[in-house]
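Residue numbers (our numbering), protein chains in the order written: chain A, 50 to 214; chain B, 66 to 223.
Ideal placement from N, C-alpha and C gives every residue a C-beta, glycine not left out.
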């Protein structure tokens, strides 16, 4: 099912055009790397605050709303460019074992973010001013930091393992 | 002249030693390069956004610049060390690559802006709006160009 979908995108005019473009493909790849770097930087900042390592004097209820829009905008650009790159690469990506792992790490990171929002984000003001945050909050921060670091590492490994099945 | 320097670097003992290393070290160098890029970009984006009136409004731009100063330095060390590690074994091959020279030029200007111009703009707690906005936009543009040019090096060489 996924393989067929990737094949469809790969064979499409967009997939072919992107793959064969001398300038657009490198540009999309560059933007993907930069937007991922920035959104990862923002999310790492928030995670390190949840873990009480950075910005200890600023409550997370203040920090999070100020960074959320920029972080989500960065991720939106990352996902769009990532989708375009996947279109250009096609079903061969599934044969590189780190690609499914990268997708799994993104899935875990997304579930973790939803769990954080559902369990703690909705009543952030009740615990944000405490000197030490609840265990679940710290755990969520640690999972987020680990999964997004994994996403970057696994993503960077893809070109190296291309052809090593 | 410069070409000779690149040839000497590529034919040096250290280039030979790096060239003989397992590929895994090259991958590690790439990770350090990305880590450096993240540290530098995050610092630049945080301070620039604050100067533009967005982002971490709880701190002033001066406070953010002070707080992120060490991130930039560590990021630049990571970038330089890993960049040299990747460049040295193939210096002569990289020499004719226009993206490399474009990146170096943009990097030089970005560093001048980062460590020179910032002294004037971030000297006061509330810098003049025109200076603050101009500095933020120039700084953001330059570092993004450095990043894109760095990525272009691999494509130009391919």
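Partner residues on chain A for residue i, Cβ-Cβ distance less than 9 Å
i, result
"residue 143 of chain B", "The premise fails here: residue 143 of chain B is roughly 13 Å from chain A at the closest Cβ pair, so nothing lies under 9 Å."
"residue 167 of chain B", "None at all; the shortest Cβ gap to chain A is about 13 Å."
"residue 184 of chain B", "Per Cβ cutoff of 9 Å: no residues; residue 184 of chain B is ~24 Å from chain A at best."
Nearest to residue i (by Cα), restricted to the options the options
i, options, result
"residue 212 of chain B", "B:109, B:187 and B:191", "B:109"
"residue 144 of chain B", "B:200, B:182, B:100 and B:133", "B:100"
"residue 201 of chain A", "A:155, A:52 and A:163", "A:155"
"residue 139 of chain B", "B:115, B:154 and B:102", "B:102"
"residue 135 of chain B", "B:208, B:104, B:68 and B:124", "B:104"
"residue 109 of chain A", "A:164, A:118 and A:99", "A:99"
"residue 77 of chain A", "A:164, A:157, A:132 and A:185", "A:132"
"residue 132 of chain B", "A:184, A:106, A:139 and A:51", "A:106"
"residue 170 of chain B", "B:208, B:66, B:119 and B:113", "B:208"
"residue 123 of chain A", "A:85, A:73 and A:53", "A:85"
"residue 59 of chain A", "A:83, A:148, A:139 and A:93", "A:139"
"residue 75 of chain B", "B:191, B:115 and B:157", "B:157"
"residue 206 of chain B", "B:73, B:91 and B:114", "B:114"
"residue 146 of chain A", "A:169, A:125, A:185 and A:210", "A:210"
"residue 115 of chain A", "A:94, A:126 and A:135", "A:94"
"residue 96 of chain A", "A:79, A:165 and A:171", "A:165"
"residue 159 of chain A", "A:144, A:180, A:143 and A:128", "A:128"
"residue 2 of chain A", "A:63, A:178 and A:163", "Look at the range of chain A in this structure, 50 to 214, and you will see that residue 2 of chain A is not part of it."
"residue 244 of chain A", "A:125, A:195, A:112 and A:65", "Coverage of chain A is limited to positions 50 through 214, which leaves residue 244 of chain A absent and any answer about it impossible."
"residue 218 of chain B", "B:166, B:96, B:172 and B:184", "B:166"
"residue 195 of chain B", "B:116, B:125, B:85 and B:151", "B:116"
Listed by chain order, chain A residues near residue i by CB distance under 8 Å
i, result
"residue 95 of chain B", "205"
"residue 71 of chain B", "Going along chain A, no residue has its Cβ under 8 Å from residue 71 of chain B, so there is no contact; the nearest lies around 24 Å."
"residue 79 of chain B", "None at all; the shortest Cβ gap to chain A is about 23 Å."
"residue 148 of chain B", "Residues of chain A passing the Cβ test: none, with the nearest at roughly 15 Å."
"residue 217 of chain B", "75 and 79"
Any C-beta of chain A under 8 Å from that of residue i
i, result
"residue 153 of chain B", "no"
"residue 127 of chain B", "no"
"residue 134 of chain B", "no"
"residue 140 of chain B", "no"
"residue 285 of chain B", "There is no way to answer for residue 285 of chain B, as the model of chain B reaches only from 66 to 223."
"residue 107 of chain B", "yes"
"residue 110 of chain B", "yes"
"residue 176 of chain B", "no"
"residue 203 of chain B", "no"
"residue 212 of chain B", "yes"
"residue 92 of chain B", "yes"
Beta-carbon spacing of residue i, residue j below 8 Å
i, j, result
"residue 153 of chain B", "residue 83 of chain B", "yes"
"residue 129 of chain B", "residue 106 of chain B", "no"
"residue 200 of chain B", "residue 182 of chain B", "yes"
"residue 161 of chain A", "residue 199 of chain A", "no"
"residue 176 of chain A", "residue 182 of chain A", "yes"
"residue 120 of chain B", "residue 197 of chain A", "no"
"residue 87 of chain A", "residue 193 of chain A", "no"
"residue 177 of chain B", "residue 203 of chain B", "no"
"residue 208 of chain A", "residue 220 of chain B", "no"
"residue 214 of chain B", "residue 164 of chain B", "yes"
"residue 142 of chain A", "residue 55 of chain A", "yes"
"residue 216 of chain B", "residue 82 of chain A", "yes"
"residue 126 of chain A", "residue 80 of chain A", "yes"
"residue 187 of chain B", "residue 127 of chain B", "yes"
"residue 90 of chain A", "residue 151 of chain A", "no"
Contact list for residue i against chain E, beta-carbon separation under 9 Å
i, result
"residue 199 of chain A", "In the structure shown, chain E cannot be found, because the protein chains are A and B."
Contacts of residue i in chain B (Cβ-Cβ under 9 Å)
i, result
"residue 102 of chain A", "Residues of chain B passing the Cβ test: none, with the nearest at roughly 13 Å."
"residue 126 of chain A", "Those within 9 Å of residue 126 of chain A in chain B number zero; the least Cβ separation is about 12 Å."
"residue 119 of chain A", "110, 114, 119 and 120"
Test: residue i CB closer than 8 Å to a CB of chain B
i, result
"residue 202 of chain A", "yes"
"residue 75 of chain A", "yes"
"residue 209 of chain A", "yes"
"residue 89 of chain A", "yes"
"residue 86 of chain A", "yes"
"residue 78 of chain A", "yes"
"residue 83 of chain A", "yes"
"residue 213 of chain A", "With a pLDDT of only 48 at residue 213 of chain A, under 50, the local geometry of the prediction cannot be trusted, and the value read off the model is given with reservation. Cβ-Cβ to chain B under 8 Å: no for residue 213 of chain A."
"residue 107 of chain A", "yes"
Listed by chain order, chain A residues near residue i by CB distance under 7 Å
i, result
"residue 220 of chain B", "75"
"residue 209 of chain B", "83"
"residue 103 of chain B", "86, 89 and 90"
Proximal residues of chain B, C-beta to C-beta of residue i below 8 Å
i, result
"residue 116 of chain A", "120 and 121"
Contact list for residue i against chain B, beta-carbon separation under 7 Å
i, result
"residue 111 of chain A", "123"
Distance cut-off 7 Å: residue i Cβ against heavy atoms of the ligand HEM
i, result
"residue 50 of chain A", "Here there are no bound small molecules, and the ligand HEM is not part of this structure."
Within the segment 125 to 183 of chain B, ranges of the alpha helix (DSSP H) (whole runs, at least 4 residues):
Entirely contained in the segment 125 to 183 of chain B, the alpha helix (DSSP H) runs reaching 4 residues are, in chain order, 126 to 152, 156 to 159 and 163 to 177.
Ignoring anything shorter than 4 residues or poking outside the segment 99 to 155 of chain A, list the alpha helix (DSSP H) runs there in chain order.
At a cut-off of 4 residues, the continuous stretches assigned as alpha helix (DSSP H) that sit fully inside the segment 99 to 155 of chain A are 109 to 138.
Identify every run of the alpha helix (DSSP H) within the segment 75 to 133 of chain B, keeping only runs that are complete inside it and at least 4 residues long; order them along the chain.
The qualifying runs are 78 to 85 and 88 to 116.
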